[in-house]
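A.B. asks: What follows is a structure written as structure tokens; I'll ask about it next.
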């Protein structure tokens with residue numbers, strides 16, 4: 001038998017062994033399950049970063065069907081207590097990463113300092129003519145060939161941001177191959193002798209995530225991204241990189257360093 005709606009309780013009357021979700025009280029089972037798991041998160045029995053049992057295991061634990069369980073998990077996700085990552089499972093949410101933005105901003109160093117494991121993967125690259133915006137940022141004539149490199153960066157396997165980076169193609173040829181090999185923009189630039197780059201300008205805005213961002217960042221509909229546009233320069237303050245990073249807004253706390 002199954003529940004016909006949220007409040008009509010038609011699950012078997014006997015509670016699951018070792019559990020005390022109450023049948024026949026008028027309180028929907030999914031709500032009771034959500035409250036139980038929330039309590040375990042808040043009192044530390046389920047620590048931040050811990051992967052929850054599978055849907056089947058939780059269904060068996062509480063003696064309910066998967067529809068009921070999924071309503072409970074959806075409630076916890078809406079409260080930002082848990083987060084599902086495709087291919088990895090559902091995890092208790094980690095606190096937002098404190099992400100300082102200053103003269104020397106390095107993703108891997110920042111994430112590692114927070115006790116997380118940084119990683120990156122190249123999702124695309126191409127040579128294209130510089131738009132007016134990119135040309136102005138890099139001090140080039142519009143239409144000059146630029147190399148675009150797209151990369152998704154993660155912390156403990158959870159996607160944190162999507163970055164699009166533009167470089168003068170003649171100066172940074174094969175940079176995309178180096179990014180693919182190392183998973184790091186910084187290490188790739190170091191190989192080209194440009195590793196000591198510095199932040200020249202940062203602009204931060206916010207907007208709803210688009211379809212690509214929701215897919216790459218594993219975000220549900222309606223979530224927000226923080227868009228960080230930045231210009232980085234070499235030791236002579238000559239621009240070498242224009243970047244646009246889209247951060248999952250609830251996974252980071254951007255801190256502007258003076």
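Residue numbers (full-length UniProt numbering): 1 to 258. From the three backbone atoms N, C-alpha and C, an ideal C-beta is built for every residue, glycine too. Just so we're clear, the structure is a prediction, and the values are computed from it rather than from any experiment.
If you follow the alpha helix (DSSP H) that residue 135 is in, where does it begin and where does it stop?
C.D. replies: Counting from 1 along the chain shown, the entry for residue 135 is found at position 135. Looking at the DSSP string, the run of the alpha helix (DSSP H) that includes residue 135 is 132-138.
A.B. asks: Residue 148 bridges to which residues according to DSSP?
C.D. replies: The count along the chain shown starts at 1 and reaches residue 148 at position 148. In the DSSP output, where bridge partners are listed per residue, residue 148 has 126, 166.
A.B. asks: Going by CA-CA distance only, name the one from 156, 239, 174 that's closest to residue 196.
C.D. replies: Numbered from 1 along the chain shown, position 196 holds the residue referred to as residue 196. Ranking 156, 239, 174 by Cα distance to residue 196 puts 239 first.
A.B. asks: According to DSSP, simplified to helix, strand and coil, what is residue 154?
C.D. replies: Numbered from its first residue, the chain shown carries residue 154 at position 154. The answer is strand: DSSP assigns residue 154 an E or B state.
A.B. asks: Which one of 101, 109, 90, 161 has the shortest CA to CA distance from residue 121?
C.D. replies: Counting from 1 along the chain shown, the entry for residue 121 is found at position 121. The residue with the shortest Cα to Cα distance from residue 121 is 161.
A.B. asks: Is it true that the segment 233-251 meets the segment 196-212, where meeting means three or more beta-carbon pairs spaced less than 8 Å apart?
C.D. replies: yes
A.B. asks: Compare the Cα-Cα distances from residue 59 to each of 168, 232, 73, 96 and report the closest residue.
C.D. replies: In the chain shown, residue 59 corresponds to position 59, counting from 1. If we check each option's Cα against that of residue 59, 73 comes out closest.
A.B. asks: With residue 221 as the anchor, note down where its beta strand (DSSP E) starts and where it stops.
C.D. replies: Working through the chain shown from its first residue, we reach residue 221 at position 221. It is not in any beta strand (DSSP E) - residue 221 carries neither H nor E in the DSSP assignment.
A.B. asks: Might you give, ordered along the chain, the residues of its own chain that have their beta carbon closer than 6 Å to the beta carbon of residue 145, omitting 5 neighbours on each side?
C.D. replies: Walking along the chain shown from the start, residue 145 turns up at place 145. Only 127, 169 meet the Cβ criterion.
A.B. asks: Buried or exposed: where does residue 232 fall if 16 or more other Cβ atoms within 10 Å of its Cβ makes it buried?
C.D. replies: As a first step, residue 232 is located in the chain shown; it is residue number 232 there, counting from the start. Per the 10 Å Cβ criterion, buried.
A.B. asks: Among 155, 194, 258, which has the Cα closest to the Cα of residue 201?
C.D. replies: For the purposes of this step, residue 201 is identified with residue 201 of the chain shown, where counting begins at 1. Checking every option, the nearest Cα to that of residue 201 belongs to 258.
A.B. asks: What does DSSP give as the partner residues of residue 229 in its beta bridges?
C.D. replies: In the chain shown, residue 229 corresponds to position 229, counting from 1. Per DSSP, 203, 244.
A.B. asks: What residue range is occupied by the uninterrupted beta strand (DSSP E) comprising residue 90?
C.D. replies: Taking the chain shown and counting its residues from 1, the one referred to as residue 90 is at position 90. 89-92 is the span of the beta strand (DSSP E), which, as asked, contains residue 90.
A.B. asks: Is it true that the CB of residue 244 sits closer than 8 Å to the CB of residue 227?
C.D. replies: Numbered from its first residue, the chain shown carries residue 227 at position 227. Numbered from its first residue, the chain shown carries residue 244 at position 244. Closer than 8 Å, so yes.
A.B. asks: For residue 131, which of 176, 143, 65, 42 has the nearest alpha-carbon?
C.D. replies: Here the question's residue 131 lines up with position 131 in the chain shown. Per the Cα distances, 143.
A.B. asks: On the CB-based measure, 16 or more other CB atoms within 10 Å of its CB, does residue 42 come out buried or exposed?
C.D. replies: Residue 42 sits at position 42 when you count from the first residue of the chain shown. The residue in question, residue 42, is exposed, as its Cβ has fewer than 16 Cβ neighbours within 10 Å.
A.B. asks: Check residue 258 in the structure and name its three-state DSSP category.
C.D. replies: As a position in the chain shown, residue 258 is number 258, starting the count at 1. If DSSP states are grouped into helix, strand and coil, residue 258 belongs with coil.
A.B. asks: Could you give the distance in angstroms between the alpha-carbon of residue 192 and the alpha-carbon of residue 175?
C.D. replies: Numbered from 1 along the chain shown, position 192 holds the residue referred to as residue 192. Numbered from 1 along the chain shown, position 175 holds the residue referred to as residue 175. Between residue 192 and residue 175, the C-alpha separation is close to 8 Å.
A.B. asks: Between the Cα of residue 82 and the Cα atoms of 194, 229, 219, 253, which residue gives the shortest distance?
C.D. replies: Residue numbering aside, residue 82 sits at position 82 when the chain shown is read from its first letter. With distances taken between Cα atoms, residue 82 lies closest to 219.
A.B. asks: My guess is that residue 148 and residue 184 are in contact by the Cβ rule of under 8 Å, so how many angstroms apart are they, rounded?
C.D. replies: On the chain shown, residue 148 is found 148 positions in, with the first residue counted as 1. On the chain shown, residue 184 is found 184 positions in, with the first residue counted as 1. Contact flag wrong, Cβ pair sits at about 17 Å.
A.B. asks: Going by CA-CA distance only, name the one from 255, 133, 69, 84 that's closest to residue 55.
C.D. replies: As a position in the chain shown, residue 55 is number 55, starting the count at 1. Here the closest residue by C-alpha is 69.
A.B. asks: Output yes or no for whether 8 Å exceeds the beta carbon distance between residue 163 and residue 151.
C.D. replies: On the chain shown, position 163 is the one that residue 163 refers to. On the chain shown, position 151 is the one that residue 151 refers to. Yes; because the gap between Cβ atoms is below 8 Å, this pair is in contact.
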